[in-house]
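Enquirer: In the numbering used here, the protein residues as written are 51 to 221.
Positions of the beta carbon are idealized from the N, C-alpha and C atoms, including for glycine.
Bear in mind the structure is a predicted one, so any value in this text is a computation, not a measurement.
Following this message is one structure expressed as structure tokens.
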């Protein structure tokens with residue numbers, strides 16, 4: 051395992067239209083400018099499915115914080131996520147950064163996703179999760195490009211940059 055030189059503690063933030071702007075949109079049922087999310091599929095391969103994530107996929111520190119050691123991104127499509135079986139959390143960073151500058155690591159943020167809440171990720175938004183809060187597994191309604199496996203950029207935070215994020219999920 052890579053030697054970790056920087057550990058960054060993240061607290062879960064509430065998702066609002068304003069806090070989510072750098073990462074995507076939050077569809078609303080209040081008839082505002084946030085009512086819809088523009089979906090983009092450059093390969094014309096949009097599809098709907100269910101995915102799941104489990105705590106078995108993760109490492110935790112001694113206080114129970116989840117360790118985020120990588121982020122993924124998809125440059126050819128947006129992605130819409132809705133936790134179905136409970137609350138979850140997601141770690142994100144803006145699509146505009148590439149982790150080539152030490153300041154880029156300051157833009158990584160963690161959010162709580164309530165059950166049935168919906169978020170849309172801009173094309174290229176870095177993300178990790180959603181992972182379950184208070185359960186072992188989280189089932190997620192997912193809208194993304196069918197070819198995501200051929201469009202899955204990875205920022206290896208721990209391996210390549212010696213940075214890890216510890217997400218406080220027990221607060």
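1) Report the three-state DSSP secondary structure of residue 152 (helix, strand or coil).
2) Grab the span of the beta strand (DSSP E) containing residue 21 for me, first residue to last.
3) Taking all protein chains shown into account, do 16 or more other C-beta atoms lie within 10 angstroms of the C-beta of residue 201, making it buried, or fewer, making it exposed?
4) Tell me, to the nearest whole angstrom, how far the beta carbon of residue 94 is from that of residue 128; I am working on the premise that it is less than 8 Å.
5) Could you tell me whether the Cβ atoms of residue 89 and residue 193 are closer together than 8 Å?
6) Can you tell me whether residue 219 is buried or exposed, with buried defined as 16 or more other CB within 10 angstroms of its CB?
7) Starting from residue 172 and walking both ways along the alpha helix (DSSP H), at which residues does that stretch end?
8) Take residue 123 and list the residues in its own chain whose beta-carbon comes closer than 6 Å to its own, dropping the five residues that flank it on each side.
Expert: Quick look at the numbers:
1) Your numbering for residue 152 matches position 102 in the chain shown. Residue state, collapsed to three classes: helix.
2) Absent from the model: residue 21. The displayed extent of the chain is 51 to 221, so no value can be given.
3) As a first step, residue 201 must be located in the chain shown, where it is residue number 151. Its Cβ being crowded by 16 or more others within 10 Å, residue 201 is buried.
4) Position 44 of the chain shown, counting from 1, holds the residue named residue 94. Position 78 of the chain shown, counting from 1, holds the residue named residue 128. In fact, because the Cβ distance is near 13 Å, the residues do not count as touching under 8 Å.
5) Against the chain shown, residue 89 aligns to sequence position 39. Against the chain shown, residue 193 aligns to sequence position 143. Yes; because the gap between Cβ atoms is below 8 Å, this pair is in contact.
6) Walking along the chain shown from the start, residue 219 turns up at place 169. Residue 219 comes out buried.
7) Translated into positions along the chain shown, residue 172 becomes position 122. No alpha helix (DSSP H) contains residue 172, which DSSP labels as neither H nor E.
8) In the chain shown, counting from the first residue as 1, residue 123 sits at position 73. The answer, listed in chain order, is 174, 176 and 203.
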